[in-house]
Amino acid sequence: MELIKPGVTIPFTRYRYIAVAISSVVNLFVLILLFTRGPLLGVDFAGGTVAQLKFSKPVTIGEIRNALGELGAGDTVIQDFGQQGSNEFLVRLQKTSAQLGELSEQIKEGLTKQFGSGTFEVRRIESVGPKVGSELRQKGAWSVIAATIMMGIYIWLRFDLRFGLGAVVALIHDVLVTIGALIVANYEFDLTIIAALLTVVGFSVNDTVIICDRVRENMRKIKRESLETIINTSINETLSRTIITTGTAILVLLALFVLGGGVIRPFAFALLVGFFSGVYSTIFIASPVVLFWEKRLIRKSPSTLKVSSVKK
Amino acid sequence: MRQSVLTRAIIFGIAIVAAIIYLVPTFVSPLPAWWTSFLPTDRINLGLDLQGGSHLVLGVKVDKAIENNIERVRTDLSNVLREKGVSGASVDREGTLLHIAVPSANTERLRGVLKSDFAYLVEAKSPQTTGGKSDYFLTLSKEEIRSLRDYAVDQSLETIRNRIDQFGVSEPIIQREGQENILIQLPGIQDPERAKDIIGKTALLEFKLVDDTANVEEAIKTGPPPGRQVLYGHAGRGDGIGTEKQAYVVESRPLMTGEYIQDARVRPAQQLQGASVELILNGAGARLFEQITAANVKRRLAIVLDNRVYSAPVIQERIGGGRASITGNFDLKEARDLSIVLRAGALPAPVEILEERTVGPSLGNDSIREGVISFVVGSSLVIIFMILYYRGAGAIADLALVFHILFLLAILAALKAVLTLPGIAGIVLIAGMAVDANVLINERIREELRAGRAPRSAIEAGFQHAMPAIIDTNVTTFLSGVILFQFGTGPIKGFAVTLCIGILTTVVTAVYMTRIYYDYRAMTGKLKRISI
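Written out as structure tokens, the structure is:
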């Protein structure tokens, strides 16, 4: 079986202007989202308390809010969680248990009064103080930035600066697209999302590596061609492996997304989006950056420029 | 060639057997006796999010400990000044500052005392002299504050460890985190609220005299008279009517604190009284207690724990023998918890809960089930796809995938790694990435075949040319795993660990193991056609 017939040549680099235009608009949109609506922060980052409740019979959100009394007022968010018909809910409170004393006791008391004892279970309760939250937020952001820069440096050392720069721009694109998708889909940002973003950074740079590797090889083989042609040939030659390696990861992520449960779902979602974006950005973002650098900033003949600095 | 294939096959055979041996303790329980005597017994541990339990991060309020210390220094200093005859000196505390005022004539002697007995105090600002009086502003030196902070955190950690040990939690983790925090993990705990109570109590026990001459209502309204304070306790708890707040006016200065407690025991409920906790004081404590009671017969002595009055009995006579009891109409559980904290001693500073994550056991079981299902479904999809797409070569890659999973789990077990829910997600994800190396190799082999090479040399070239990209892609993913490990806490670290180990095992199985198979085929001369 073959996904891409050998000899097929799609002029990817020809579409780069339109692709860069579309991506810029998308990224701008994400940045606007990020600074206006902002990401929905989970307790890990915002501080506060989240409790996961499971009931043995169907109940409504209104009934739960009622049962919680004072706790249910104000900024408390109650939402459905888990599979349909599992009667699980997440209760999100702004306060932490340190401030409220025995928070889960209070929740239990209120629920017992409304629904009777033994009809519900507090399955999970997480409480994070505001100071810890802001610390984690900073550390999380920095680790994603550090990882992105490190990938760029690695590509720079292994290939050359142009590809390193291209990779960094592509990774920034992937991270932004993933963040944007999470905001639009209304998923909360927590520690697992940072794990997902870091994995996206580590994985989506793989496609860039594969193409760089092929470009390097082709530069040696076909010296007379322009860099644009070489890049385009390389993208086409590696297209099927790019699609398949990402495809197998997408298969397991779909399984995680559908079957992995409520805690893992946002994580799987972020990876799905990030991996798709990774394939796209390698072809349509990283390569144009390399070409732009080549044509606008250096203005040298590419063939004489590169082979000398290629390391093997 | 024959030699090399054989050697490599034997090495992998041994590795597989070793992996299986390392996995036995995780999946077989109980282990037979002969096994435990000479084979590994370490198993993959489940994280708190999978087996249920509490994860707490406590912040030690170090500033409070430093303030307490400065208050103590203030008392010491004014005593020493009096003893050494530095007359007319007064010492006040203003936050973390000590303000000493002396007649200017006495400054030399003050300096002498400070130099000889209080070398750890430094001047916070330069002294001022006005109208025959000199004002000194002193504070603790930086080194002193640092060592106080370390002491407060270490001491809190020890005390908390004691309390948890006595409370009875199996395999707790209690460690210092950062400068002022303490990380506590209590696996499989049934009653997290109760554990939190025991851990978080400062448990500062004080004996204070009640001032019966003061008017309680007036003290509440207009503030207590100097040297006195208003404390509250619960009255009438035992009569079934409920709790009622009762106010006491007590002397601020405690006559004695809980530092002299040698042991604390629960005394079960008697006819009219709830359970109580009996304190047994050490020698010095017993003598002090005797003196105190002798000097204050017929007065009321309030027993105060963390600024709450438990009882305030009238001292009938001098009490020798070093025994005192705290009554408060406790139930047996409360009395037991109280005895634990009193035995383990007070925390040197109050603690606050900065972070708490508690997972019930049922959720953990559900998470494991969901994780296993998504793993089985996800990896089956990959396996089926690889066979459909690459036929024979796909089947070889699938076999490598199976061995990769075997090795990954075996290494996790050997390292006693903690498997968390994100860790399971990591295993699932890695299953999808594990075949990547084989995809790179197979695509390359196909290319070489199309270019007209014979199968044998196509395979040779395919492996050779795919290698740089395989190394680079895995190094980048590994690097991001390392950064994640640096950043992460608990569950996230579990993900980072499975990611990093998984990358290592995929390279080994996908590249070297499949190579053995192809080399074997080449060796036996059957490599005329390959299925790819």
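Protein chains in written order, with the working numbering: chain A, 1 to 312; chain B, 1001 to 1532. Virtual Cβ for every residue (Gly too), placed ideally from N, Cα, C. Source: prediction; values computed, not measured.
At least one CB atom of chain B sits nearer than 8 angstroms to the CB of A/D213.
DSSP places B/N1069 within a helical segment (H, G or I) once states are collapsed to three. Using a Cβ-Cβ cut-off of 8 angstroms, B/G1525 does not count as an interface residue toward chain A, since no Cβ of chain A sits closer than that to its own.
Shown in chain order are the members of the segment 1–21 of chain A whose Cβ falls below 7 angstroms from a Cβ of chain B: M1, P6. With 16 or more other CB atoms across the displayed protein chains lying within 10 angstroms of its CB, B/F1385 is buried. Taking a 10 Å sphere around the C-beta of B/T1129, we find fewer than 16 other C-beta atoms and assign the residue as exposed.
Between A/Q114 and A/N186, the CB-CB gap reaches or exceeds 8 angstroms. In the assembly as shown, A/A255 is a buried residue. Its beta-carbon has 16 or more other beta-carbons within 10 Å. In the same chain as B/R1318, and ignoring 5 residues on each side of it, the C-beta atoms closer than 8 angstroms to its own belong to E1290, T1293, A1294, V1297, in chain order. Residue pairing from DSSP places B/R1265 in a beta bridge opposite B/E1278.
In this structure, B/L1097 and B/Y1120 do not form a Cβ contact; the two beta carbons are roughly 15 angstroms apart against a cut-off of 8 angstroms.
Excluding residues up to 5 positions away in sequence, V1091, D1092, R1093, L1098 lie with their Cβ nearer than 8 angstroms to the Cβ of B/R1074 in the same chain. Inter-residue distance for B/L1186 and B/Q1262 is about 27 angstroms (C-alpha atoms, whole angstroms).
When the five nearest sequence neighbours on each side are left out, the beta carbons in the same chain lying within less than 8 angstroms of the beta carbon of B/I1280 are those of I1261, Q1262, D1263, A1264, R1265, G1322, R1323, in order along the chain.
Distance between B/F1375 and B/I1405, taken at the CA atoms: about 11 angstroms. When DSSP states are grouped into helix, strand and coil, B/V1382 belongs to the helix group. Using a 10 angstroms sphere on the CB of B/A1431, the tally of other CB atoms reaches 16 or more, which defines it as buried.
Segment contact: the segment 166–175 of chain A against the segment 115–132 of chain A, fewer than three CB-CB distances shorter than 8 angstroms; contact not assigned. If only complete runs of 4 or more residues are kept, the segment 1016–1099 of chain B shows the alpha helix (DSSP H) at 1033–1038, 1048–1051, 1062–1083, in order along the chain.
A/M219 is outside the set of residues whose beta carbon lies under 8 angstroms from a beta carbon in chain B. For B/G1488 against B/A1496, the beta-carbon gap comes to about 6 angstroms, under 8 angstroms, which counts as contact. Straight through space, the alpha carbons of B/D1436 and A/L271 are spaced by roughly 17 angstroms.
Contacts between B/A1461 and chain A, judged by CB atoms closer than 7 angstroms, are missing: the closest CB pair is about 12 angstroms apart. Counting along the chain, the unbroken alpha helix (DSSP H) around A/Y17 starts and ends at 16–36. At least one C-beta of chain A is nearer than 8 angstroms to the C-beta of B/R1357.
Along the segment 1490–1502 of chain B, the positions whose C-beta sits under 8 angstroms from a C-beta of chain A are P1491, I1492, F1495, A1496, L1499, read in chain order. Secondary structure of B/S1325 (DSSP, three-state): strand.
Taken through DSSP and simplified to helix, strand or coil, B/D1331 comes out as coil. Taken through DSSP and simplified to helix, strand or coil, A/S56 comes out as coil. By alpha-carbon distance to B/D1306, the top candidate from B/G1285, B/P1348, B/G1274 is B/P1348. Per DSSP, the beta-bridge partners of B/G1233 are B/Q1246, B/V1309. B/Y1136: member of the beta strand (DSSP E) spanning 1133–1140, first to last residue. Taking C-beta atoms as the reference points, A/Y154 and B/V1511 fail to come closer than 8 angstroms. Between B/I1184 and B/L1058 the beta-carbon gap is near 7 angstroms, inside 8 angstroms, which marks them as a contact. Under the three-pair Cβ rule at 8 angstroms, the segment 1051–1069 of chain B counts as touching the segment 1148–1162 of chain B.
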